[in-house]
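Chains as they are written, first to last, in our numbering: chain W, 1 to 117; chain D, 118 to 234. For glycine and all other residues, C-beta sits at the position ideal for the given N, C-alpha and C.
There are 2 protein chains.
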Amino acid sequence: MAYEKKIPVDLDCPLRLTMSLIESKWKSCILDELRSGNPMRPSEIHKCLPGATPRVLDIQLKELVEDGLVEKTIYPELPPRSEYCITDLGKSLLPIIDSMLKWGTDHYEIFEKKYSK
Amino acid sequence: MAYEKKIPVDLDCPLRLTMSLIESKWKSCILDELRSGNPMRPSEIHKCLPGATPRVLDIQLKELVEDGLVEKTIYPELPPRSEYCITDLGKSLLPIIDSMLKWGTDHYEIFEKKYSK
DNA sequence: TCATATACCGAAAATTTTTTCGGTATTCTG
DNA sequence: CAGAATACCGAAAAAATTTTCGGTATATGA
């Protein structure tokens, strides 16, 4: 059986629901990369997020697809090709991603001073 | 030595920075509980978030204090009393928490149908 | 021919987070 | 007096996530 997420989406409270969709290490970054709406291949996404291993991107893309935030198209070619594209539901999360990006930018210095080196 | 967070705040990108401050299981909920600005005792917070164990609240409150999002006051009384209060920096995250709360409320049905039972 | 690239997957290891349990000390309640 | 409540902490166990590694298959380019 394929890899399976242990903790499913959290239906207990709306805040936890939203968090559970994006809280893993790279999901918000993946959505941010896909924000333009242009489809991206896994290898492209990996180039944009070199800190993530291809394996973890694979796993998290799969979950994003499962949750309906991202859509996958497989082209029956060789070598294999597939593309991932943000869905309307995924796009509806972008304002949240945006505000986190802005907050992080605005408050970067505080944490840089506090935690760097 | 006291408990120590393994993964520190992520300074690599602003989005990850913000996420790393709130992505653990209960931090966003704790901030939401403290939103009014009124100080709360740990036992009160636990009553509001019964799904979390006192231990994990303790650990995450400690990290929130360390990151400057929450302030702690200890009263030298017996039995012990302490209070946690959201800081201005923590308050500045509330619009993000709000938008996640709203998103979760607006899209609850989709996931309820998909994942419940 | 050999290495590389492609997408993906399984399995195991490593890491991190969360839970569980027990213990500190004191006060109050039954 | 026994038990609960209070806040917190350490240690170990459990659970979840992420990394690492190797393997599938085929095509292209050196």
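For S233/D, which residues in chain W fall below 9 Å Cβ to Cβ?
Going along chain W in sequence order, the residues near S233/D (Cβ under 9 Å) are L11.
Report yes or no: do the stretch 218-229 of chain D and the stretch 15-30 of chain W share at least 3 C-beta pairs separated by less than 8 Å?
Below 8 Å, enough C-beta pairs join the stretch 218-229 of chain D and the stretch 15-30 of chain W to call them touching: three or more.
Where the beta strand (DSSP E) through C202/D begins and ends:
Note, C202/D: beta strand (DSSP E), 198-203.
I86/W touches chain D at which residues, Cβ-Cβ below 8 Å?
None at all; the shortest Cβ gap to chain D is about 15 Å.
Neighbour-count burial assignment, P14/W, 16 or more Cβ in a 10 Å radius:
For P14/W, the number of other beta carbons within 10 angstroms of its own is at least 16, and it is reported as buried.
Would DSSP call M118/D helix, strand or coil?
With a pLDDT of only 44 at M118/D, under the threshold of 50, the placement of this residue in the model should not be trusted, and no figure is reported.
Please report the straight-line C-alpha distance between D129/D and V65/W, rounded to a whole angstrom.
The alpha-carbon atoms of D129/D and V65/W are separated by roughly 26 Å.
Return the chain-ordered ranges of every beta strand (DSSP E) run that is complete within the stretch 144-214 of chain D and spans a minimum of 3 residues.
Listed in chain order, the complete beta strand (DSSP E) runs (minimum 3 residues) inside the stretch 144-214 of chain D are 187-192, 198-203.
Boundaries of the alpha helix (DSSP H) in which L21/W is found, first to last residue:
Residues 14-22.
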